[in-house]
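Trainee: Once you've had a glance at the structure underneath, I'll fire off some questions.
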Amino acid sequence: MRFAAINSSILLANVLIFMAFVVCAEQDKKVDFWSYSKPEKIKVPEKFDWGYSEIDSFIFEKINSAGLSPQKEASKEEWLRRVSFDVTGLPPSIKDIDNFLNDESKFAYRRVVKRLLSSQSYGERMAAWWLDGARYGDSHGYDNDLENSQWPWRNWVIESFNDNKPFDEFTIEQLAGDLIPNPSNSQILATGFNRNHRIQTEGGAIEEEWRTEYVIDRVETMGTVWMGLTLSCARCHDHKYDPITQKEFYQLFAYFNNIDEKGFINNLRGSAEPRIRYKSEEYDSKISKIKSEYKDKSAQEREMAKIDASYPYVMIMRNMPKRRKAYILERGQYDTKGEEVFPSLPSSLLTNNKKSYPDRLSLAKWLVNGDHPLTSRVIVNRIWAIFFGNGIVLSTENLGVRSDLPSHPKLLDWLSNDFVQNGWNIKRLIEQILTSATYRQKHAVDSKTLQLDPNNRFLSRGPRQRLESEMVRDQALSVAGLLIDKVGGPSYWVYQPSGLWREIEKRGKFVQDHGDKLYRRSLYSRIRRTVPNPSMAIFDMPSREVCSVKRSRSNTPLQALSLLNSITYVEAAKKFGEKMITVNEKTKEQIKWGFRRITSRKPKDFEINLLLKGYERRLEYYKDNPDEALALLKVGESNVSPLIDPVKLASMTTVANVLLNLDEVVNK
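The opening position of the sequence shown corresponds to residue 702 in my numbering, with each subsequent residue numbered one higher.
Below, the structure written as structure tokens:
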């Protein structure tokens, strides 16, 4: 009883403290918090004996103050595998490995980074990162979940990263490209960002209710992606922690409320208004050819209509001629209108309260004007997290009052200022990170370091994390020689369990694609929001129903089961085994080659011996069961060489299957 009373008293005290904090926050929305102040101009710590860059000076200062020492440099193979996945989402080839090992110049590491950043695969890898926050999907979501045609916007994202479009331009074009004076088709296409939300197509829906939800989604997504704030908490009442009032939420709402769109379109397939037809360079050349080949105007129009039909419409932003009124919605309900509001920004984030911000273009420019306290920190922190697994602020989705404190606040501010001062140059920022000694550390850890820095918050060792969902699949296709190296284009239906859709709903019929379409990068796999591909979801790919800027990272038996048994990975093992057999006549050398191809390092003797024994056991088994060998080689649509003994190929397939499941293969 005595202990129960004590616990009750402690609980009551905590509740009272919490309530007092909430009341204080309500009374004074001018919260004095580090992230609401402009990044400070930081002096780089003095040069130490360790490191190559300013980043290393900040990191070493922290490591040293904790009584730790940096880890030794990772082997060149380990670093190359790490950086290849981080920049392109793909493993290095054996040629890449050999070239790097043979390059003994002091510029070898920087040369690799520059090569990877200039590859087309870089844009695809970064697009996968951006699409999570943009909640991109290939269907409208909700009950009907019919297909849309937003993939040309995804093309724009890939091209923007590959062209190294400055992040301030990247921001302005997505939020307000249609409002730029004399906008190009590309700038208008960019505004598809704000039309990636789900759309209700179910009969009986209330149009204004759902239109309101779309606008609210845009506000919340903008707040998460660029400001790292949980604006959704201010939809129904003033934010309990951050200095955002409910009125300010609906003032932001007013920026996105002036779009001539419907909240409900029954059984919508494709794109809803406002929209534009996607016109690529290929489109322009086809139209020019028609104009030169057909002199009759009616014939021209007829042929041009055929071309138009093969290029999809893309949903974009377009303002109405007359502003739609916006109101504070009591309790966040669409039909309980309160005070009328006008476009305006949160007062706690304004450095100039006298300046007017009347439209989306001014909102977008404000986010990237250099004085904004959040945007540069948010983006730098998330890009840092791509390469180290965690951000300098752990809560990459939230830099508000309830966020985690930064592990290296001075480094975050220095990087944020440097990023802005150098033109919001993403490739430059990435190169700074990847050429640092901090990133080049090996990931192995000693007992002292593990005790003092268990979660690697001081960065006293190199990063190690599981591959993202897309990388797991793309790696398998790459080493198997199946991956189709084509950038851009529409999405495709890849392998998935038969009958999966019938378990969820009965409206759609899954029709799998074939040929090269099956082997495109995972970025181009269709995302149906209510029925995600199981083998992708198992590795924590978001459903893209809402904005998500931080993927979860789980380890479950389902992942191993998928790698061992799903068609994608069994077929990849089959083709990988075929490649192993064709590189050398000796089985041991074949396995050595395969091991190095998938892990980026040469195997140890005991590893080869284990794999060789496994191969020999399967060889004996398939000699006695040749029908099973043939059945294994029929998995997937790709064919194998008839010149290879099926028993040997099936046996090598099992070795390849083991290699694809190694811990160091699904991690980087």
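Glycine residues also receive a C-beta, built at the ideal position from the N, C-alpha and C atoms. Note that the structure is a prediction, hence the values are computed from the model and not measured.
Based on the DSSP output, what are the partners of Ala1027 in its beta bridges?
Mentor: Val1042
Trainee: Cys934: buried (16+ other C-beta within 10 angstroms of its C-beta) or exposed?
Mentor: buried
Trainee: Taking just the CA atoms, how far does Leu847 sit from Asp839?
Mentor: 9 Å
Trainee: Per DSSP, what kind of secondary structure is Gln1291 in: helix, strand or coil?
Mentor: Helix, per DSSP.
Trainee: In this structure, what does DSSP give as the bridge partners for Gly1014?
Mentor: Contrary to the premise, residue 1014 reads as Tyr rather than Gly in this sequence. Answer is Arg978, bridged to Tyr1014.
Trainee: Out of Glu974, Ser1049, Pro1047 and Lys996, point me to the one whose CA is closest to Pro1013's CA.
Mentor: Glu974
Trainee: Pick out the complete beta strand (DSSP E) segments inside the segment 730-760, 3 residues or longer, and give them in chain order.
Mentor: none
Trainee: By Cβ distance, which residues of its chain are closer than 7 Å to Gly904, with the 5 residues on each side in sequence left out?
Mentor: So the list reads Asn967, once near-sequence residues are dropped.
Trainee: Taking the alpha-carbon positions, what's the Asn1340 to Ser736 distance?
Mentor: 56 Å
Trainee: Start and end of the alpha helix (DSSP H) containing Thr931?
Mentor: First-last for Thr931: undefined, no H or E at that position.
Trainee: What residue range does the alpha helix (DSSP H) around Trp852 cover?
Mentor: Counting along the chain, the alpha helix (DSSP H) containing Trp852 begins and ends at Trp852 to Asn863.
Trainee: Could you pull out every residue in the same chain whose Cβ sits closer than 6 Å to the Cβ of Ile760, ignoring the five residues on either side in sequence?
Mentor: Thr1139 and Leu1160
Trainee: Under 8 Å: do the segment 898-912 and the segment 989-996 share three or more Cβ pairs, one atom per stretch?
Mentor: no
Trainee: Can Val1079 and Leu1113 be called in contact, C-beta distance under 8 Å?
Mentor: no
Trainee: Please state the DSSP three-state secondary structure of Ser840.
Mentor: Ser840 sits in a strand when the DSSP states are folded into three classes.
Trainee: Which residues does DSSP pair with Glu805 in a beta bridge?
Mentor: For Glu805, which the question treats as bridged, DSSP gives no partner whatsoever.
Trainee: Taking 6 Å as the limit between beta carbons, can you name the residues of its chain near Arg912, skipping five residues before and five after?
Mentor: Gly964
Trainee: Roughly how many whole angstroms lie between the Cα atoms of Glu1132 and Met1353?
Mentor: 39 Å
Trainee: Check each candidate in Ile1292, Ser776, Thr1136 and Asn1099 and name the one with the smallest Cα separation from Met928.
Mentor: Asn1099
Trainee: For Gly1200 and Val1232, I'd like the C-alpha separation in whole angstroms.
Mentor: 11 Å
Trainee: By the 10 Å Cβ neighbour count, where 16 or more other Cβ atoms means buried, how is Asn1358 classified, buried or exposed?
Mentor: buried
Trainee: Quick check on Tyr1193: does DSSP put it in helix, strand or coil?
Mentor: Secondary structure at Tyr1193: strand, using DSSP grouped into helix, strand and coil.
Trainee: Apply the 10 Å Cβ neighbour rule to Leu1106 and answer buried if 16 or more other Cβ atoms are within range, or exposed otherwise.
Mentor: exposed
Trainee: Run the CB neighbour count on Gln1122, radius 10 Å, all protein chains shown included, and call it buried at 16 or more, exposed below.
Mentor: exposed
Trainee: Ignoring anything shorter than 4 residues or poking outside the segment 1223-1257, list the alpha helix (DSSP H) runs there in chain order.
Mentor: You should have 1235-1238.
Trainee: Note down the Cα distance separating Asp1036 from Ile917, rounded to an integer number of angstroms.
Mentor: The alpha-carbon atoms of Asp1036 and Ile917 are separated by roughly 14 Å.
Trainee: Excluding the 5 residues flanking Glu1004 on each side, which residues of the same chain have their C-beta closer than 7 Å to its C-beta?
Mentor: Ile991 and Tyr995
Trainee: Starting from Phe965, follow its DSSP beta bridges and name the residues at the other end.
Mentor: Under the DSSP definition of a beta bridge, Phe965 partners with Gln901.
Trainee: What first and last residue would you give for the alpha helix (DSSP H) that runs through Leu1062?
Mentor: Leu1062 -> alpha helix (DSSP H) spans Arg1061 to Leu1068.
Trainee: Just to confirm before moving on: does the CB-CB distance between Leu1183 and Tyr1220 stay below 8 Å?
Mentor: Between Leu1183 and Tyr1220, the gap from beta carbon to beta carbon is short of 8 Å.
Trainee: With a cut-off of 8 Å, do at least 3 Cβ pairs link the segment 1023-1039 to the segment 936-953?
Mentor: yes
Trainee: Let me know if Gln1034 comes out buried or exposed under the rule of 16 or more other beta-carbons within 10 Å of its beta-carbon.
Mentor: Counting Cβ neighbours within 10 Å, Gln1034 comes out exposed, since fewer than 16 surround it.
Trainee: Looking only at DSSP bridge pairs, what is Ile960 linked to?
Mentor: Asn1020
Trainee: Could you check how far apart the C-beta atoms of Phe1088 and Leu1135 are, in whole angstroms? I think they sit under 8 Å.
Mentor: Correct: roughly 7 Å between the Cβ atoms.
Trainee: On the DSSP letters alone, give me the boundaries of the alpha helix (DSSP H) that Arg826 sits inside.
Mentor: Gln821 to Gly834
Trainee: Tell me the rounded alpha-carbon separation between Ile881 and Ser1249.
Mentor: 28 Å
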